[in-house]
Structures are given as structure tokens and as C-alpha cells.
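>
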Ligand code: NAD
């Protein structure tokens, strides 16, 4: 154990590489992409520090070219989930007894590995497997993941430093114990950083973890595991399994030692898991912690005083970056009639220059959606809007899956404020716009608040400070991350802790001390230096 009260390095956000055309950075990243594109990968599970292969080989392709075989991954079954639980529980005591500085060092080292030697590889795996362009891969797979690792180490020490006061003659302490049992991390396809953060932040606090990544993010998941192994993460602390999500959840959520769920993904899946936990509540050793960040229907609300270029830019970036597949993506915009013609002109001019295609060409702003299901879902919304008397396609609308799953950035103009594409999470490059009468600003704020069950992100654009204040209050519960004169995406670790309420999740703010608090169980310790020797208090005479 440590004989010093160490200070961890002061966390700062990783500078984002700009990848300007012709720069060394972009040349290096694209050449890594091309090399990896030709390799045939073979992705295994990692259980108790060992590479695990099975006979069930699943082909991996890329969203931008579904005929191109990247390689295979080995799918596991419930025997592997059992083995992962056993490995986690087996590693628990030693990991729990390791000093926090040793744990911190592993994750700080992992951050440096991502920042340096693994940066191109992790970014390229994200570009190939999840269809992100150079910028989207950089801000996610590298910068956000590095930030999570560095800031969480700092937040961990902040938390450990929070200690109670002590009266004369006694010493009070708080000890931040890991949860008693093992934790379960279930991660989505759309952010490599989230896939890395969910298991690591629990492990950082001394927990042992079974991690099930999305089968659509498996390529970059393996790179994360390689990094953690090289950083010195001991065997069994994080066990990565590729098995059916529902079966895995059923198995794990029945286990008496299950102690915490860290989930990010869709609302329906999370609610199903919460229900399973409820059904099994009588058999756990301890009440499990449940953290879930889920869906969104994120808004842009525009006041007549707003700057038109800022609004159009917020819409294009907010709705179409990463093909609208960010949980925070703007998917509904409310524009006052007096501004609409001007906003439309700027939107048209900007969208005319937007290029769509493979991330291999860094000039493509829009890439492919993740898979056929997503492609068909987007196409369905577009086709129904084409036929609907409540909606029209204003921009885009073309879908082409001949090579990859490409859906043009699409704007649906809806005359009915409750039209399906304004209310439902689509998770694709489709933005629905509703034009409101300027004098109905206050009613429209109410509409924004009440239109969807979600409450993840939202943005208000206005120059008028009274209008900003009014929206700030009226939309108090409509978004967990609220933006003023900015797009509703791109939260930065340490700067805008991220998470939503209502159907969008438990709002435990990834990338903050609040989140880490969920993965510890505090022990309060009182030590009395000179113990009383008689039961009689003074009042007894
Ligand atoms: P998803 O719910 O389909 O999958 C998430 C994870 O759950 C995957 O690992 C998947 O394999 C697993 N899974 C699927 N069905 C399961 C089941 N029945 N039981 C247990 N596990 C199961 O989500 P996705 O398509 O990967 O990601 C997109 C969704 O995630 C969107 O709804 C988006 O809004 C949400 N999301 C939210 C946030 C946030 O911070 N709020 C961040 C990213 C993504």
C-alpha cells in the first residue's frame, strides 16, 4: 500500500488533430486505414486475460462496403459468459487490494497509448467498422476516450479526498469500496469512447467487469482491449465477451453476485434489463446499481432574434455529423416563420457542398449508416414522408445501398407538429423541421417540451436575452444537456458532463465524478481514541 498522498497529473482535454488536407496526420491515418482495410482480422474474446476462440465464426463487413470482408469474430455462448463471471469474481480480491495509484497508473498509461502509438489504429478501426470520417473518429475514439481515462483518474482522487469532519477525540473516515460482486457493461455501436469508458470507469474504482460490446463495434472493441492489456490491466478485471445480448443479460442479471449495470444503448433494451433486475431482486447479495444512458429526440429551438447562419450551421452539423447516429443528434427543429426563408437559403447553400461517401476520402462529411436495419428504417421514414399529406422532403431523401448503406442528409418539412418523424427516434441523417408562427413562441416552447418522451439534448438559438431566459426555464426538464447558440452535440468530458433524464436515461453524467460515485459503496469509519469506560451519561446524575 502507498506511503504517500500522491497527486495525479492534472487532467486536460486532449487536443483534437485537425487533419487538414495534405497534413502528415491525415496521410498517416489514411495509410493506416488502407492497410487495415486489406488485413483480414480475427477478433477473439478476452476472458481471464486469455484470447478465446470458438467454432462460431461471424463475418465482419464495413458499413461503407457491405461486400468487403474485414475478417471474422468468434461468437461465444453462455459457457463463455459463465467463464467471464468466474474470471471477474476470481480477480476481485487482488484487484480490490491493489493501491489506487497502481490502478490509476494503468488507465493513465492507456490514455497515453491511445494518444500516441495506438491513435491511428483506434481511429482507423472506428472509421472502417463504424463508418466515421477522420474528424468524427478523432473526436470520439481518440480524444473522448483519452479524456475519459485522464479525467476519471482525477475524479477518482477527488472522490477519495472527500472526507467527513471529525469531532474532538475521534477520527471519521470514508472509504470508497468497490461494489461487492461483479459489474456488467453493455455498450452501443456509435461511440468507441463509450465502449471504452463504461467498463474502464467501473474497473478504475476497483470493480471487476464483464463487458459485452455491440457486435457492430467489435473491430474497435478489440483495439481497446489490446490497449488495456498493453497498459497492464490484470487478467480477469475486464472480460470481453461476444454473445447474444439478450441471453447474456438473462444469464448475468440472475447471478447472485451481479452488483451493477452500466448500459448505453436504446431505451427499450434498457427498460427490458431493468425489468429483469426487478424480477431477480430477491436473489442478489446487494442491491445492484443501475445506470443507463439511452435514446433521444434532440431539438433545436429557434427564436426570431436568432442569427440565421448560426442556426443553419447548427442544424447541418448537429443533425448530419456521423449520419445523425449520435444520441445527441438534432432531429427536430422549430423555426419561426419570419426566419424560415433565410434559414432555408443558407441550409440549401451549405447542403449543396456536403459530400457523402467512404471515410477513406476525408472530404466526405457524411458516411454510411451502420447497417441494413438502420438503412431500411431511414428509408421507411423517407418513403412515408414522401406520401404523407403532413410532410414533404425538402432536401435529400435518396438512399443507396448498392455498395454501402448511404442515406443522403434529409430534411423533412412537417406541417403537423406531431408527425411521426418529429416524435420518434430515427437515429439516422434525417432532420424534421416545423415552422411556427412568431407570435406562438411561448406555445412552441411547450410543444418542444411535450413532443417526445426523451430528454437528452437540446439547443436554443436567440440573440434576445429575455427569450433565452424564457426558454431556459420552459425547457428546464426537456434536456439533460442544454445548449445556447450552439449545436446540441459534441459534449466534451470535464466540460459538459453528459446524460439525459425521462426516457433518455438515469442521467448519471458520463465523464464526471457523479458517475464514478455509482460504482462505489461507501464505508463510514469512526475511530474513538479514548473509549468511554462507563455507560452512565452525565444526565443520569
Ligand atoms: P442497442 O440498444 O441496440 O444496443 C446496445 C447494446 O445492447 C449492444 O451491446 C447490444 O448488443 C445490446 N443488446 C441488444 N439487445 C439486447 C437485449 N435484448 N438485452 C441485452 N442487451 C442487448 O443500441 P445501439 O443501436 O447500439 O445504439 C443506439 C442507441 O443508443 C440509440 O437509441 C441511442 O440514442 C443510444 N445511445 C445513447 C447514448 C446516451 O448517452 N444517452 C449514447 C450513445 C447511444
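Numbering (the numbering used here), first residue to last: 31 to 571. For each residue, glycine too, the CB sits at the ideal point set by N, CA and C.
(1) Suppose you measure from the CA of residue 356 to the CA of residue 122; what does that come to, to the nearest Å?
(2) For residue 223, report the span of its alpha helix (DSSP H) as first-last.
(3) With a threshold of 8 Å (Cβ to nearest heavy atom), would residue 202 be considered close to the ligand NAD?
(4) Thinking C-beta only, is residue 220 closer than 9 Å to residue 611?
(5) Answer yes or no: do residue 486 and residue 534 have a C-beta to C-beta separation smaller than 9 Å?
(6) Hey, which unbroken runs of the beta strand (DSSP E) at 3 residues or more fall wholly within the region 174-222?
(7) Any heavy atom of the ligand NAD closer than 8 Å to the CB of residue 528?
(8) Classify residue 103 as helix, strand or coil using the three-state DSSP reduction.
(9) Is it the case that the Cβ atoms of residue 412 and residue 440 are separated by a distance below 9 Å?
(10) With a threshold of 16 other CB atoms inside 10 Å of the CB of residue 537, please say whether the residue is buried or exposed.
(11) Using a Cβ-based criterion (distance less than 8 Å to any ligand heavy atom), does residue 278 qualify as near the ligand NAD?
(12) Cα-Cα, which of 461, 436 and 569 is closest to residue 444?
(13) Cα separation between residue 529 and residue 541?
(14) Under 9 Å between the Cβ atoms of residue 389 and residue 162?
(15) Answer yes or no: do residue 145 and residue 156 have a C-beta to C-beta separation smaller than 9 Å?
(16) Expressed to the nearest angstrom, what Euclidean distance is found between the alpha-carbon atoms of residue 527 and residue 178?
(17) When the Cα atoms are used, what is the spatial distance from residue 104 to residue 467?
(18) Under the rule that 16 or more other beta-carbon atoms within 10 Å means buried, what is residue 315, buried or exposed?
(19) Can residue 455 be considered in contact with the ligand NAD, in the sense that its beta carbon sits closer than 8 Å to one or more heavy atoms?
(20) How close, in whole Å, do the beta carbons of residue 77 and residue 212 come, if the pair is a contact with beta carbons under 8 Å?
(21) Between residue 297 and residue 453, what straight-line distance do the alpha-carbon atoms span, to the nearest angstrom?
(22) Thinking just about the alpha-carbon of each residue, which of 350, 248 and 334 is nearest to the one in residue 496?
(23) Looking at the structure shown, is residue 241 part of a helix, part of a strand, or coil, going by DSSP?
(24) Could you spell out where the alpha helix (DSSP H) holding residue 56 opens and where it closes?
(25) Tell me the DSSP bridge mates of residue 89?
(26) Looking only at C-alpha atoms, which of 570, 550, 546 and 523 sits nearest to residue 41?
(27) So residue 138 is in the alpha helix (DSSP H); what residue range does that whole segment cover?
(28) Within the present structure, is the beta-carbon of residue 439 separated from the nearest heavy atom of the ligand NAD by less than 8 Å?
(29) Under 8 Å from any heavy atom of the ligand NAD, does the C-beta of residue 240 make it?
(30) Rounded to the nearest angstrom, how far is the Cβ of residue 318 from that of residue 288, given a contact under 8 Å?
(31) What would DSSP say about residue 281, mapped onto helix, strand or coil?
Straight from the coordinates:
(1) Looking at the backbone, the Cα of residue 356 and that of residue 122 are separated by about 34 Å.
(2) Element bounds for residue 223: 222-234.
(3) no
(4) This structure leaves residue 611 out entirely; the chain is present only between 31 and 571.
(5) yes
(6) The qualifying runs are 200-208 and 212-216.
(7) yes
(8) strand
(9) yes
(10) Residue 537 is buried by the Cβ-count criterion.
(11) Yes, the ligand NAD has a heavy atom inside 8 Å of this Cβ.
(12) 461
(13) 10 Å
(14) yes
(15) Taking the C-beta atoms as reference points, residue 156 is found no nearer than 9 Å to residue 145.
(16) 11 Å
(17) Distance between the alpha carbons of residue 104 and residue 467: 56 Å.
(18) exposed
(19) yes
(20) Rounded, the Cβ-Cβ distance is 13 Å, inconsistent with contact.
(21) 15 Å
(22) 334
(23) strand
(24) 54-68 is the extent of the alpha helix (DSSP H) around residue 56.
(25) DSSP, once it has assigned bridges, lists 102 as partnering residue 89.
(26) Looking at the Cα atoms, 523 is the closest of the given residues.
(27) Note, residue 138: alpha helix (DSSP H), 130-145.
(28) no
(29) no
(30) 6 Å
(31) helix
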